[in-house]
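Peer 1: Residue numbers (the numbering used here), protein chains in the order written: chain A, 1255 to 1656; chain B, 76 to 623.
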Amino acid sequence: MIKLENISFDHCIKCTVCTIYCPVARATHHFPGPKQSGPDTERLRIKNPELLDDSLKYCTNCKRCEIACPSNVKIADIIQSSKWRYFKNVFRVRDFFLARTDLMGSVATRVSYLVNFFIKLFPVKFFLDRFMKIPSERRFPKYAQGTFLSWYNKHRKEQEAFAEKAVYFHGCYVNYNNHDLGKDVLTVLNAINVGVIVTDEKCCGVPLIANGYIDKARKNALFNIHSLEKSASAIGARIVSASSSCSFALKHEYPNLLEIDNSAILDDLDYITRFIHERFENGNVPAMKPVPVRAAYHSPCHLERMGGVMNTIEVLKKIPGLDLTILHSECCGIAGTYGFKKEYYKVAQKVGAELFKRIERVNPEIVITDCETCKWQIEMSTPYRVEHPVTVLARAIDGKKL
Amino acid sequence: MRLMKRIETEAIVIGGGATGAGTLRDLTLRGVRAVLIEKSDMASGTTGRNHGLLHSGARYAVNDLESARECIRENKILKKIARHCIEDTGGLFVTLPEDDPSYHGKLIEHCKYAGIRCEEISVQEALRIEPNLNPNILAALRVPDGTIDPFRLTSANVLDAQERGAIVLTHTGVSGVIREGDRATGVNCRDRRTGEEFEVFGGIIVNASGVWGQELCASAGIALRMFPSKGSMVIIDYRINNVVVNRCRVPSDGDIVVPGDTVSLIGTTSKKVDYDKIDEITVDQDEIATLLESGEKLIPNVSRTRVLRAYCGVRPLIAVSGEMDGREISRGIVLIDHEKRDSVGGFITIAGGKLMTYRLMAEMAADLACAKLNLKKRCRTRTTALPGSERKLDQAKSVKFFTGIPNSVVGSTLYRHGQRIRNILHRDKRNYGLICECEMVTEGEIEYALKKLNAKDIVDLRRRTRIGMGPCQGQLCAYRAAGLFVKYDSATSTESNKMLVDFLEERWKGIKPVLWGDALRSVEFCYWIYQGLFGLGDVKFPEEGEDR
Chain A
1255 MIKLENISFD
1265 HCIKCTVCTI
1275 YCPVARATHH
1285 FPGPKQSGPD
1295 TERLRIKNPE
1305 LLDDSLKYCT
1315 NCKRCEIACP
1325 SNVKIADIIQ
1335 SSKWRYFKNV
1345 FRVRDFFLAR
1355 TDLMGSVATR
1365 VSYLVNFFIK
1375 LFPVKFFLDR
1385 FMKIPSERRF
1395 PKYAQGTFLS
1405 WYNKHRKEQE
1415 AFAEKAVYFH
1425 GCYVNYNNHD
1435 LGKDVLTVLN
1445 AINVGVIVTD
1455 EKCCGVPLIA
1465 NGYIDKARKN
1475 ALFNIHSLEK
1485 SASAIGARIV
1495 SASSSCSFAL
1505 KHEYPNLLEI
1515 DNSAILDDLD
1525 YITRFIHERF
1535 ENGNVPAMKP
1545 VPVRAAYHSP
1555 CHLERMGGVM
1565 NTIEVLKKIP
1575 GLDLTILHSE
1585 CCGIAGTYGF
1595 KKEYYKVAQK
1605 VGAELFKRIE
1615 RVNPEIVITD
1625 CETCKWQIEM
1635 STPYRVEHPV
1645 TVLARAIDGK
1655 KL
Chain B
76 MRLMKRIETE
86 AIVIGGGATG
96 AGTLRDLTLR
106 GVRAVLIEKS
116 DMASGTTGRN
126 HGLLHSGARY
136 AVNDLESARE
146 CIRENKILKK
156 IARHCIEDTG
166 GLFVTLPEDD
176 PSYHGKLIEH
186 CKYAGIRCEE
196 ISVQEALRIE
206 PNLNPNILAA
216 LRVPDGTIDP
226 FRLTSANVLD
236 AQERGAIVLT
246 HTGVSGVIRE
256 GDRATGVNCR
266 DRRTGEEFEV
276 FGGIIVNASG
286 VWGQELCASA
296 GIALRMFPSK
306 GSMVIIDYRI
316 NNVVVNRCRV
326 PSDGDIVVPG
336 DTVSLIGTTS
346 KKVDYDKIDE
356 ITVDQDEIAT
366 LLESGEKLIP
376 NVSRTRVLRA
386 YCGVRPLIAV
396 SGEMDGREIS
406 RGIVLIDHEK
416 RDSVGGFITI
426 AGGKLMTYRL
436 MAEMAADLAC
446 AKLNLKKRCR
456 TRTTALPGSE
466 RKLDQAKSVK
476 FFTGIPNSVV
486 GSTLYRHGQR
496 IRNILHRDKR
506 NYGLICECEM
516 VTEGEIEYAL
526 KKLNAKDIVD
536 LRRRTRIGMG
546 PCQGQLCAYR
556 AAGLFVKYDS
566 ATSTESNKML
576 VDFLEERWKG
586 IKPVLWGDAL
596 RSVEFCYWIY
606 QGLFGLGDVK
616 FPEEGEDR
């Protein structure tokens, strides 16, 4: 228990900046803040694991503390790993299913009409709320019919014909819920003369980590690293993802939290707007039609942690006619599966309240953000539609209505 | 003319270290009225400046069998009467490749003579018990070592005595012993905070002032030679070991790593110092280098950790006859009846010994004191538990009782105050807000220390609660604590500002020798708050009590 390998907590100089930037500590007194839950109490847990506090569970793993930390302490990682290292693993049906986006998706996409219909019914909502502790207020993302992968397989040939190719890690959301986003990725990359290769993949592991299924997350990580490396290195391609959390997991959660060596793919990994921005900078800008829309841009926490927000903004700025307001950086509160749990629902909404207010003040026609769960949260909590930057870009390229 | 204040009592104990506090408690338990006088704070001298090892005696078994026997006997008693001051961690003696392999067998044999349970275990087993141990060790022994918190121990002794009627005067210097003919009858005192002078008279004076006893004896006209030996230690920011790790060799510099609450300590050196320098000793760079180097040999992780601070203490070695120095002088207990030795009645000295044997020393001193007072009362400290240790602690039960208060807070308070936790934390008073976040010290605990544990300033408060002993060394908690002194009417705002400055200056004294890496960054930030934000370096305070 006391064997010490990761000692980043020891670099904390107690400046407390992280706590000031913590959206959860601001929303509830039940969470004492990253400094205390992370480096401070880590010292106590090393001494005696019984000194673990339940309050740790309030952390959303948004990583804003890590951005704020001037001492490079892996605060959120300390909290996450303490959660699964010291808490007794209690099996919860809800957490099991929330964590298994793969399993849920592959079943639900076969009967998506039924699932989408039933999940909105009052008795189902009541059951979920009462017995599964999933708040009845929470809206679920719709399931698509079939998977993105099966659609893609019909188009694989055309994509392989491109001289330059990129390996696309589509993630569960695109595969099971939003095929259109995946198609938009193809539209945009094809427009800059890049073919899209899709390879075997499993859930990146973010929901598994959040719910304490670390072994499964590690297994998925190893699978993904191996599979991506095989397809990317064979053709010297970059690996792109259009989900900021998937991208963050591949890049940072694998080595830091899961302690899995991802050096085989690390240098090839790009979040999609970074990849596009680089091409744009090199003069490879496709012809675009104006998109005369008033939009507000919300930057997701994990993209901020990766330092990728600037790329998205730069890419969006290239779209003619787009009237873009960049929102002050705030957390939306959902934090993946966190906002789907009854015990945290109120906190999640309170965390997001400031963002919702700011969006309303802008009163845009659409909101743009890179993260699918941010999208769910904003669409549920405000009257606005939310789109991915790549989707907006694709509409500028193909001229279809946004 | 103003009449000088006088206190009449039966016994006067001078020195608020473990021995003095233990003697006060022992006497009080026998029904003797007693007054304790301490020039600074309880456990502020040698008692509070060791590595807090609850010796099994194994460390002395080869060289000093008598001490080893005393240790194991007291070890067993303290585990019963001072539960909340002790962690029964167990200890290891490990042989490094460069150590003499024959010492291992010698130690086993001598432990048997001394009655110390000493069990040979495999290297694998040792690494299981202590995963951070150097994997290259050749052999390992298991002994019943543990750790003991000297501050808590002293404070618990004083608290018990006070609750039974004893008077405790801290921050009170003894300026001289009052003699009437061939008897010492009292002492002249001076409250160092208010400057007030007064006298205390009693039938017997127990000199338990350790290395400072030479001066006290001199003021009574008695010649007693002390041989101060300096021991230095460094503290690691967090616990790198679970159990006490000793090096299996003839005791030498830097051969022990002790886990202590949330930190680990590497001890200790032994250096002779001049008697007139005992109040101004500092840790030398070469001592720190030796300690870190040796500590790393036992636990390689030491090289990657942040050193929190370094400190040193003076061993009160006493030479009753002849002169010797350093490790050669016996650390045995010395009890002197000055009536016999120097023809000065009413005055006895208890010195030498170790923190480990404080209770035994107190018993010996109290036995002699009672004999001098013609009282026939038996010692009861062997079996009477200290306040907080009355019952065996159950963390789970306490956590449940205090539902709503974070486990880390309940656990830490319980750890420090044992059964007394219920006098400290109150759900309905909401007094569990954290003042020191590194060590989980609550407002309730500070209020308790101010009202019940004789904490007169923030430095005292640190010894009662561990405030400011974490990685930031008082960077934020010191300010909050200073505010609480005012809130609970323990100081005026000027006084509390002065305390704040004194406290931070005291902390820095211990950090200065280890200022590199993260410790340096931390101090820079701390200094910015101190000077940049509050401008405390330039504040002028009224003269100290002494000069009023």
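No residue lacks a Cβ here, since even glycine has one placed at the ideal position from N, Cα and C.
First and last residue of the beta strand (DSSP E) that includes residue 222 of chain B?
Peer 2: 221-223 is the span of the beta strand (DSSP E), which, as asked, contains residue 222 of chain B.
Peer 1: Could you run through the stretch 310-336 of chain B and flag, in chain order, every residue whose CB is less than 9 Å away from some CB of chain A?
Peer 2: Result list: 312, 313, 314, 315, 316, 317, 334, 336.
Peer 1: Tell me, to the nearest whole angstrom, how far the beta carbon of residue 189 of chain B is from that of residue 132 of chain B; I am working on the premise that it is less than 8 Å.
Peer 2: Confirmed, about 6 Å.
Peer 1: Taking Cβ positions only, does residue 1409 of chain A come closer than 7 Å to chain B?
Peer 2: Judged by the 7 Å Cβ criterion, residue 1409 of chain A is not in contact with chain B.
Peer 1: Could you pull the start and end residues of the beta strand (DSSP E) that residue 1422 of chain A belongs to?
Peer 2: Counting along the chain, the beta strand (DSSP E) containing residue 1422 of chain A begins and ends at 1418-1423.
Peer 1: Can you confirm whether the stretch 1355-1373 of chain A touches the stretch 1331-1339 of chain A when touching is taken to mean that 3 or more C-beta pairs between the two stretches lie within less than 8 Å?
Peer 2: The stretch 1331-1339 of chain A, when compared against the stretch 1355-1373 of chain A, does not touch it at the 8 Å Cβ threshold.
Peer 1: Whole angstroms are fine: how far does the CA of residue 1563 of chain A sit from the CA of residue 1553 of chain A?
Peer 2: Looking at the two C-alpha atoms, the distance is approximately 6 Å.
Peer 1: Counting only Cβ-Cβ distances shorter than 9 Å, please list the residues of the stretch 539-567 of chain B near chain A, keeping chain order.
Peer 2: Here the close residues are 545, 546, 547, 550, 551.
Peer 1: Okay, do the stretch 1297-1313 of chain A and the stretch 1346-1354 of chain A touch, 3+ Cβ pairs below 8 Å being the bar?
Peer 2: No: the two stretches stay apart, fewer than three of their Cβ pairs being nearer than 8 Å.
Peer 1: Considering only C-alpha positions, which residue in the set A:1420, A:1376, A:1436 is nearest to residue 1426 of chain A?
Peer 2: Among A:1420, A:1376, A:1436, the Cα nearest to that of residue 1426 of chain A is on A:1436.
Peer 1: Closest Cβ-Cβ distance between residue 1310 of chain A and chain B: below 7 Å?
Peer 2: Closer than 7 Å: no.
Peer 1: When the cut-off is 7 Å and only beta carbons count, does residue 597 of chain B lie next to chain A?
Peer 2: Yes, its Cβ sits closer than 7 Å to a Cβ of chain A.
Peer 1: For residue 1313 of chain A and residue 96 of chain B, what's the separation of their Cα atoms in angstroms?
Peer 2: Going by the C-alpha atoms only, they are around 46 Å apart.
Peer 1: Residue 1564 of chain A lies in the alpha helix (DSSP H); which residues open and close that run?
Peer 2: It spans 1563-1571 - the alpha helix (DSSP H) in which residue 1564 of chain A sits, taken as one unbroken run.
Peer 1: Anything in the stretch 369-388 of chain B with a Cβ closer than 8 Å to a Cβ of chain A? List those residues in chain order, please.
Peer 2: Answer set for the stretch 369-388 of chain B: 376, 379, 380, 381.
Peer 1: Jot down the residue ranges of each uninterrupted beta strand (DSSP E) in the stretch 94-164 of chain B, minimum 3 residues, whole runs only, in chain order.
Peer 2: DSSP runs (the beta strand (DSSP E)) wholly in the stretch 94-164 of chain B: 109-112.
Peer 1: Can you find a CB in chain A that lies within less than 7 Å of the CB of residue 606 of chain B?
Peer 2: No, residue 606 of chain B lies away from the interface with chain A (no Cβ there is under 7 Å from its Cβ).
Peer 1: Can you grab the Cα-Cα spacing for the pair residue 452 of chain B / residue 445 of chain B, in whole Å?
Peer 2: When rounded, the distance between both Cα atoms is 7 Å.
Peer 1: In angstroms with no decimal places, state the Cα-to-Cα distance between residue 611 of chain B and residue 580 of chain B.
Peer 2: For residue 611 of chain B and residue 580 of chain B, the distance between alpha carbons rounds to 11 Å.
Peer 1: Can you check whether the CB of residue 586 of chain B is closer than 7 Å to the CB of residue 649 of chain B?
Peer 2: No statement about residue 649 of chain B is possible, as the shown extent of chain B runs from 76 to 623 and does not include it.
Peer 1: Roughly how many angstroms lie between the CA atoms of residue 422 of chain B and residue 309 of chain B, to the nearest whole one?
Peer 2: Between residue 422 of chain B and residue 309 of chain B, the C-alpha separation is close to 37 Å.
Peer 1: Is the beta carbon of residue 335 of chain B closer than 7 Å to that of residue 463 of chain B?
Peer 2: Not in contact: residue 463 of chain B and residue 335 of chain B (Cβ atoms no closer than 7 Å).
Peer 1: For residue 1548 of chain A, count neighbouring Cβ atoms within 10 angstroms of its own Cβ and tell me buried if that reaches 16, exposed if not.
Peer 2: Residue 1548 of chain A comes out exposed.
Peer 1: Tell me which same chain residues have a C-beta within less than 7 Å of the C-beta of residue 124 of chain B, skipping the five on either side of it?
Peer 2: So the qualifying residues of the chain are 386, 387, 388.
Peer 1: Three or more C-beta pairs under 8 Å: does that hold for the stretch 147-156 of chain B against the stretch 307-327 of chain B?
Peer 2: Too few Cβ pairs lie closer than 8 Å, so no.
Peer 1: Residue 1552 of chain A lies in the alpha helix (DSSP H); which residues open and close that run?
Peer 2: No alpha helix (DSSP H) holds residue 1552 of chain A; the beta strand (DSSP E) holding it covers 1548-1552.
Peer 1: Tell me which residues share the same chain as residue 1585 of chain A and place their Cβ nearer than 6 Å to its Cβ, disregarding the 5 neighbours each side in the sequence.
Peer 2: Cβ neighbours of residue 1585 of chain A beyond the five flanking positions: 1277, 1316, 1555, 1605.
Peer 1: So, residue 114 of chain B versus residue 270 of chain B, is the Cβ gap smaller than 7 Å?
Peer 2: Cβ distance not < 7 Å, so residue 114 of chain B and residue 270 of chain B don't count as in contact.
Peer 1: In chain order, what residues of the same chain have a beta carbon less than 7 Å from the beta carbon of residue 83 of chain B, not counting five sequence neighbours either side?
Peer 2: If we look at residue 83 of chain B and ignore the five residues flanking it on each side, its Cβ neighbours are 276.
Peer 1: Would you mind telling me which residues of chain A sit closer than 7 Å to residue 200 of chain B, beta carbon to beta carbon, in chain order?
Peer 2: Going along chain A, no residue has its Cβ under 7 Å from residue 200 of chain B, so there is no contact; the nearest lies around 16 Å.
Peer 1: Using beta carbons (cut-off 7 Å, strictly below), is residue 210 of chain B in contact with chain A?
Peer 2: No, because no Cβ of chain A sits closer than 7 Å to the Cβ of residue 210 of chain B.
Peer 1: On the premise that residue 118 of chain B lies in contact with residue 538 of chain B, defined as a C-beta separation below 8 Å, what is that separation, rounded to the nearest angstrom?
Peer 2: With 8 Å as the limit, residue 538 of chain B and residue 118 of chain B qualify as a contact, their Cβ atoms being about 6 Å apart.
Peer 1: Report yes if the CB atom of residue 45 of chain B is closer than 7 Å to the CB atom of residue 223 of chain B, and no otherwise.
Peer 2: Here chain B has residues from 76 to 623 only, and residue 45 of chain B is not among them.
Peer 1: What span of residues does the alpha helix (DSSP H) with residue 1330 of chain A cover, start to end?
Peer 2: First-last of the alpha helix (DSSP H) with residue 1330 of chain A: 1329-1340.
Peer 1: CA-CA distance, residue 174 of chain B and residue 216 of chain B?
Peer 2: Answer to the nearest angstrom: the Cα atoms are 14 Å apart.
Peer 1: Does chain A have any CB closer than 7 Å to the CB of residue 512 of chain B?
Peer 2: Yes, residue 512 of chain B lies at the interface with chain A (some Cβ there is under 7 Å from its Cβ).
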